[in-house]
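> The sequence shown runs 1 to 198 under the working numbering. This structure is in structure tokens; I'll ask about it shortly.
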Amino acid sequence: MTYDVEFETVELLENSDAETRGVDAFALSLIKAERQIRKLFTYLVFQFPAFSLADVAGFRDVLGQNKKVYFDGFINGIDALCPKSVKDLVGGDYDSLVTELHRAIDFRNKIFHGQLTDKFLSREELLALTTTIRKWCQRLAMQAESEFDYNGFARNSLRKHSEPIWTMYRIHIANGDDYRKFIRKHMEAHRKRPCTKG
Numbered sequence: 001m002t003y004d005v006e007f008e009t010v011e012l013l014e015n016s017d018a019e020t021r022g023v024d025a026f027a028l029s030l031i032k033a034e035r036q037i038r039k040l041f042t043y044l045v046f047q048f049p050a051f052s053l054a055d056v057a058g059f060r061d062v063l064g065q066n067k068k069v070y071f072d073g074f075i076n077g078i079d080a081l082c083p084k085s086v087k088d089l090v091g092g093d094y095d096s097l098v099t100e101l102h103r104a105i106d107f108r109n110k111i112f113h114g115q116l117t118d119k120f121l122s123r124e125e126l127l128a129l130t131t132t133i134r135k136w137c138q139r140l141a142m143q144a145e146s147e148f149d150y151n152g153f154a155r156n157s158l159r160k161h162s163e164p165i166w167t168m169y170r171i172h173i174a175n176g177d178d179y180r181k182f183i184r185k186h187m188e189a190h191r192k193r194p195c196t197k198g
């Protein structure tokens, strides 16, 4: 699935007459961004010889049972694993884009928890945030497709690349225990947000 196809529903919302089109398009775009980074990470880890289609249930359970990994954790995981960081993939606007993604996530979390925000966002501001989220997703999809042959949107992330791309990784994961240790060390929420400088 391409970026354009993935965001068709968001475009329908943006161009609709619905009163809630701003918050609806914003929330759906953010869900897609979070899912994209998660699926890209799991695709990259699944390249290790230790994992195969016979291990899919157990492989999924490693993350599914962990309640401490969020958006930044997946960025940290990719950065720790691959020679090219997410910043490299997203490109020159990374700092401003990831800052806006953090703002969007914080705002979304307040909405979902019924909290008052310190700044009211109009429909236009929500749609502007949606545009930023979409730009992030498009940049990441294009470069990830070029580097890894997977954009984070195709439905089946648990498949092998035609080449052993895992041999270029910074870290080797030999089994499920190594995978759990990697998540605890590099990805759990107690770690700081990815740096936007340098």
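The beta carbon of each residue, even a glycine, is placed where N, CA and C say it ideally should be.
(1) Using a Cβ-Cβ cutoff of less than 6 Å, which residues in the same chain neighbour Met187 once the five nearest sequence positions on both sides are dropped?
(2) Taking all protein chains shown into account, do 16 or more other C-beta atoms lie within 10 angstroms of the C-beta of Arg60, making it buried, or fewer, making it exposed?
(3) Of all the alpha helix (DSSP H) runs that stay within the bounds of the segment 6–53, which reach a length of 4 or more residues?
(4) Using a Cβ-Cβ cut-off of 7 Å (strictly less than) and excluding sequence neighbours within five positions of Leu129, which residues of its own chain qualify?
(5) Which ranges does the beta strand (DSSP E) cover as unbroken runs of at least 3 residues, wholly within the segment 42–108, from first to last along the chain?
(6) Going by C-alpha distance, which of Asp4, Thr9, Arg21 and Glu8 is nearest Glu125?
(7) Does the structure place the segment 4–21 close enough to the segment 42–56 that three or more beta carbon pairs sit under 8 Å?
(8) For Lys185, name the three-state secondary structure that DSSP assigns.
A quick look at the data gives this:
(1) Locating residue 187 in the sequence shown gives position 187, counting from the first residue. Only Val69, Gly73, Asn76 and Gly77 meet the Cβ criterion.
(2) As a first step, residue 60 is located in the sequence shown; it is residue number 60 there, counting from the start. Residue environment: Arg60 is assigned as exposed (fewer than 16 neighbouring CB atoms within 10 Å of its CB, all protein chains considered).
(3) 8–14 and 21–46
(4) Residue numbering aside, residue 129 sits at position 129 when the sequence shown is read from its first letter. Answer for Leu129: Phe26, Glu100 and Ala104, listed in chain order.
(5) none
(6) Taking the sequence shown and counting its residues from 1, the one referred to as residue 125 is at position 125. Of Asp4, Thr9, Arg21 and Glu8, the residue nearest in Cα terms is Arg21.
(7) no
(8) Residue mapping note: residue 185 aligns to position 185 of the sequence shown, counting from 1. Here Lys185 sits in helix by DSSP.
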